[in-house]
Amino acid sequence: MVTEVQLVAFVESFEHKVARLADHAERLSERIKDLEEENKRLTRVNREQEKLVKQLQKKQSSAQPHFPNSKDFGKIVINNLADTAASAEFKKRLDEYIREIERCIEHLSNMS
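Just so we're aligned, residue 115 is where the sequence shown starts under our numbering, counting upward by one.
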């Protein structure tokens with residue numbers, strides 16, 4: 115048979131465990147709230163980044179001149195190299211394209 119002292123000790127132990135569980139549940143609730151707020155913030159940042167990527171893609175596609183087919187490109191290079199002014203312009207445009215590609219690569223590298 116269980117004595118009154120043992121029963122009191124058991125109830126006190128049970129109350130102590132319930133209090134610890136309630137404290138733990140409160141801490142977990144606060145952590146969940148913090149994580150939900152962080153998730154909302156990151157979702158907003160992600161949406162902003164996606165908008166920026168779309169804007170950059172539109173800018174890139176609208177800024178790119180249309181080149182003829184690659185099989186004709188060699189002919190254009192040969193014709194342009196004959197004229198020194200055209201050659202200088204071609205080199206300048208080629209350098210601009212290379213810089214733009216490097217900026218795009220750098221931007222994409224920063225996103226990951």
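Don't be surprised by glycine CBs; every beta carbon is placed ideally from N, CA and C.
Nearest neighbour of Lys172, chosen from Asn224, Val119, Cys218 [CA to CA]: Position 58 of the sequence shown, counting from 1, holds the residue named residue 172. It is Cys218.
Alpha carbon to alpha carbon, how far is Leu149 from Asn160? Position 35 of the sequence shown, counting from 1, holds the residue named residue 149. Position 46 of the sequence shown, counting from 1, holds the residue named residue 160. Spanning the two alpha carbons is a distance of roughly 16 Å.
Can you name, in chain order, every residue of its own chain whose Cβ lies under 8 Å from the Cβ of Ser127, other than the five neighbours on each side? Walking along the sequence shown from the start, residue 127 turns up at place 13. There are no such residues.
Could you check whether His221 and Leu170 sit closer than 8 Å to each other, using their CB atoms as the reference points? Residue 170 sits at position 56 when you count from the first residue of the sequence shown. Residue 221 sits at position 107 when you count from the first residue of the sequence shown. Yes.
Does DSSP classify Val116 as helix, strand or coil? Here residue 116 refers to the residue found at position 2 when the sequence shown is read from its first residue. Val116 falls in the coil class under three-state DSSP.
Inter-residue spacing [alpha-carbon to alpha-carbon] between Gln163 and Ser223: Counting from 1 along the sequence shown, the entry for residue 163 is found at position 49. Counting from 1 along the sequence shown, the entry for residue 223 is found at position 109. Their Cα atoms are separated by approximately 13 Å.
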